[in-house]
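The next block holds one structure in the form of structure tokens; read it before the comments.
Chains as they are written, first to last, in this note's numbering: chain X, 2 to 333; chain V, 2 to 333.
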């Protein structure tokens, strides 16, 4: 059985390409509220669960010790575009813990936004580890290690307490024991673990509903999610889909993208979490499918919000001369 | 019925993403030699049929009049990376016809290769129409119009003789009448027409076998294909898959990529043409599937060549620290 087509790409009057995938919307008790495709299949959540990975930053007291506000917490959950503001704040977080860029073990890459990369190139500069889209998350890891009195070197290793705590938080929230056979290495070199798609949706529902999770953990999760909703630019960047999807319903919807076509998120007022995966890993499709999922959630509850997400579930495609050639659109 | 999975993307020991698609390998009589998925489905061939669109350049006498050799013909069939050599030769082609960059109607875009774009940015420059990946094809269009005594302005319009001739060549080779309902606008603003996947494979088989096509057209097609095989860099660029796929069997295999996961090609010595389309439009998958298709074609005929394509049908994936995280691999 193949997953259903979630997103179509048109050219002229024809569908040129299509994207299959699966969507799970789950409540705090783990009940499926909306499902498309195989929601029991194992998926690597990648960066879409950075909120889960950042829970120990709050639970350890490190966030308070180092004066993390909304911007700092949002950056600690970020896949940022490597713009000046992201780089400067990540450097500042490290400074608060007595560290600098040299402590980062995430590797370097040119900012994924080609415009941001060209600005850097035009200045005659090359990217450092602070430009890595995960530098905020890694700065949070390092602040936690410092607060706990742990060595900072090797914090990306699966056996380092930083990663052990992150894995334990994911296991707690997903209700899944994560073994070696479920493990892969993420782009930024920390472990990533595959689990059923619906279990990630359930994990976010637990955080926002407070059901099936400790009060302390729910508070930590809600604080991170509130921070990301308040300062979405620090979690993503200029012209990024995550920002548009969060700002379409200010303070009411949280979403976070991950590589290979994953999105996770939550609607706190409804106590719902969601997770989706595009089979082929396409980010363009994951963004459209996320908008369609949120439109579906709000359809009968708040038509204005549903309409805002309907608008984000279609995207006009133009060519190099600005001529409209087709569109990206939700198929479900 | 969904198309089969052609390419898998792994992380750790698991498949993280997958790409479905269809493959048609056809001989000069139109007989299917190898087929995966729905090969009768209509696809937009995009840039994968630039050889067909360049036939009038030769048949009109323009290529000879303006002194086109292998490099020039390869550039006229190119989706190039906008490197210095591509830009300079495209400018030279226009100059031979008494034109310059201002005649190009393809639009401007930053070179798709991010490294090439950054070099341009570092020099404080911005891209012009000559950097457009289609500038060689458009220069060929313009040279043809000049040779035919036609107006050059508006050469991208469906009713301009340049596009009328290109469409007629595609209809002749695919055996398909292309109507308005099959038409879309390509990235460079010329019309693109959807036709059955297998008909594009048949078209390339007709060119290399000489079957079912005029001797003049077969000669023109073979001259273009030979030029692309001799000078693949001008058809693509540094580190491009088209170059690696052509150089794996020098002088024996022609391939050309198109946007949205299309590849077309031919094996002249066998009189075969092929066309493939990844459903979701992913170029990374189309490259792997093309290598796997060529490995299949040569499997029982030339094990060394098959082995060279087997090697190109797997690609190790590394993260920002150079750690191997998984691979792209053919699934069929």
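The beta-carbon is built from N, C-alpha and C at its ideal position, and this holds for glycine as well.
Applying a beta-carbon distance threshold of less than 9 Å, which residues of chain V neighbour residue i?
i: residue 71 of chain X; result: The premise fails here: residue 71 of chain X is roughly 27 Å from chain V at the closest Cβ pair, so nothing lies under 9 Å.
i: residue 195 of chain X; result: 12, 13, 15 and 17
i: residue 315 of chain X; result: Under the 9 Å cutoff, chain V gives no residues; its nearest Cβ is about 17 Å from residue 315 of chain X.
Would you mind telling me which residues of chain X sit closer than 7 Å to residue i, beta carbon to beta carbon, in chain order?
i: residue 281 of chain V; result: 18, 19, 20, 281 and 283
i: residue 188 of chain V; result: 320 and 321
i: residue 308 of chain V; result: By Cβ distance, chain X contributes nothing, its closest Cβ being about 28 Å from residue 308 of chain V, past 7 Å.
i: residue 240 of chain V; result: The premise fails here: residue 240 of chain V is roughly 15 Å from chain X at the closest Cβ pair, so nothing lies under 7 Å.
Are any of the Cβ atoms in chain V nearer than 7 Å to that of residue i?
i: residue 348 of chain X; result: Nothing about residue 348 of chain X can be read from this structure; chain X reaches only from 2 to 333.
i: residue 13 of chain X; result: yes
i: residue 62 of chain X; result: no
i: residue 200 of chain X; result: no
i: residue 341 of chain X; result: Residue 341 of chain X lies beyond the residue range present for chain X, which begins at 2 and ends at 333; the question has no answer from this structure.
i: residue 82 of chain X; result: no
i: residue 3 of chain X; result: yes
Could you tell me which of the options sits nearest to residue i, measuring between CA atoms?
i: residue 13 of chain X; options: V/299, V/180 and V/228; result: V/180
i: residue 328 of chain V; options: V/321, V/316 and V/322; result: V/316
i: residue 132 of chain X; options: X/7, X/172 and X/237; result: X/237
i: residue 21 of chain V; options: V/2, V/144, V/191 and V/139; result: V/2
i: residue 110 of chain V; options: X/333, X/319, X/331 and X/127; result: X/319
i: residue 269 of chain X; options: X/124, X/259 and X/229; result: X/229
i: residue 292 of chain V; options: V/256, V/282 and V/235; result: V/256
i: residue 184 of chain V; options: V/208, V/193, V/314 and V/49; result: V/193
i: residue 64 of chain V; options: V/81, V/10, V/120 and V/149; result: V/149
i: residue 301 of chain X; options: X/271, X/240, X/31 and X/283; result: X/271
i: residue 297 of chain X; options: X/310, X/285, X/286 and X/287; result: X/310
i: residue 58 of chain V; options: V/213, V/39, V/137 and V/325; result: V/137
i: residue 103 of chain X; options: X/123, X/162, X/283 and X/130; result: X/130
i: residue 288 of chain V; options: V/323, V/330, V/308 and V/322; result: V/330
i: residue 71 of chain V; options: V/266, V/202, V/226 and V/9; result: V/226
i: residue 43 of chain V; options: X/275, X/175 and X/18; result: X/18
i: residue 203 of chain V; options: V/223, V/175, V/166 and V/221; result: V/175
i: residue 283 of chain X; options: V/262, V/275, V/267 and V/128; result: V/262
i: residue 125 of chain X; options: V/119, V/246 and V/6; result: V/119
i: residue 275 of chain X; options: X/7, X/165, X/5 and X/49; result: X/49
i: residue 167 of chain X; options: X/152, X/182, X/141 and X/154; result: X/141
i: residue 196 of chain X; options: X/40, X/242 and X/7; result: X/40
i: residue 326 of chain V; options: X/279, X/45 and X/32; result: X/45
Mind pulling the chain V residues with CB within less than 8 Å of residue i?
i: residue 109 of chain X; result: 321
i: residue 125 of chain X; result: 123
Short of 6 Å in beta carbon distance, which residues of its chain neighbour residue i, apart from the five on each side in sequence? Order them along the chain.
i: residue 24 of chain V; result: 37, 277 and 294
i: residue 211 of chain X; result: 219
i: residue 170 of chain V; result: 53 and 56
i: residue 306 of chain V; result: 250 and 299
i: residue 100 of chain V; result: 143
i: residue 75 of chain V; result: 228, 229, 232, 235 and 236
Check whether the Cβ of residue i lies closer than 7 Å to any Cβ atom in chain X.
i: residue 122 of chain V; result: yes
i: residue 48 of chain V; result: no
i: residue 129 of chain V; result: no
i: residue 299 of chain V; result: no
i: residue 185 of chain V; result: yes
Using the beta-carbon of each residue, which ones in chain X are nearer than 9 Å to residue i?
i: residue 1 of chain V; result: Absent from the structure is residue 1 of chain V, since the part of chain V shown begins at 2 and ends at 333.
i: residue 85 of chain V; result: Chain X residues near residue 85 of chain V: none, gap ~16 Å exceeds 9 Å.
i: residue 155 of chain V; result: Simply none; closest approach about 13 Å.
i: residue 182 of chain V; result: 13, 14 and 15
Taking Cβ-Cβ distances shorter than 7 Å, what residues in chain V pair up with residue i?
i: residue 115 of chain X; result: 111, 115 and 118
i: residue 137 of chain X; result: The premise fails here: residue 137 of chain X is roughly 15 Å from chain V at the closest Cβ pair, so nothing lies under 7 Å.
i: residue 248 of chain X; result: Correct list: empty, because the minimum Cβ distance to chain V is about 27 Å.
i: residue 38 of chain X; result: Ordered by position in chain V, no residue passes the 7 Å Cβ test against residue 38 of chain X, which lies about 12 Å from the chain.
Under 8 Å Cβ-Cβ, which residues of chain X neighbour residue i?
i: residue 43 of chain V; result: 15
What residues in its chain sit with their C-beta under 7 Å from that of residue i, if we drop five residues either side in the sequence?
i: residue 34 of chain X; result: 26, 27, 28 and 273
i: residue 30 of chain V; result: 212
i: residue 93 of chain V; result: none
i: residue 187 of chain V; result: 47 and 193
i: residue 84 of chain V; result: 117, 238 and 239
i: residue 88 of chain V; result: 131 and 132
What residues in its chain sit with their C-beta under 8 Å from that of residue i, if we drop five residues either side in the sequence?
i: residue 97 of chain X; result: 67, 68 and 144
i: residue 190 of chain X; result: 106, 107, 108 and 157
i: residue 16 of chain X; result: 9 and 10
Whole beta strand (DSSP E) runs in the stretch 182-255 of chain X with 3 or more residues, listed along the chain?
You should have 184-186 and 192-194.
Jot down the residue ranges of each uninterrupted beta strand (DSSP E) in the stretch 119-190 of chain V, minimum 3 residues, whole runs only, in chain order.
For the stretch 119-190 of chain V, whole beta strand (DSSP E) runs of length 3 or above, ordered along the chain, are 184-186.
Whole alpha helix (DSSP H) runs in the stretch 77-125 of chain V with 4 or more residues, listed along the chain?
Counting only runs of 4 or more, we get 85-97 and 115-123.
Where are the alpha helix (DSSP H) runs, 4 residues long or more, that stay fully inside the stretch 255-321 of chain X, in chain order?
Correct list: 284-299 and 304-313.
Complete runs of the beta strand (DSSP E) confined to the stretch 5-71 of chain V [at least 3 residues]:
Along the length of the stretch 5-71 of chain V, whole beta strand (DSSP E) runs at least 3 residues long occupy 6-12, 15-28 and 33-37, reported in chain order.
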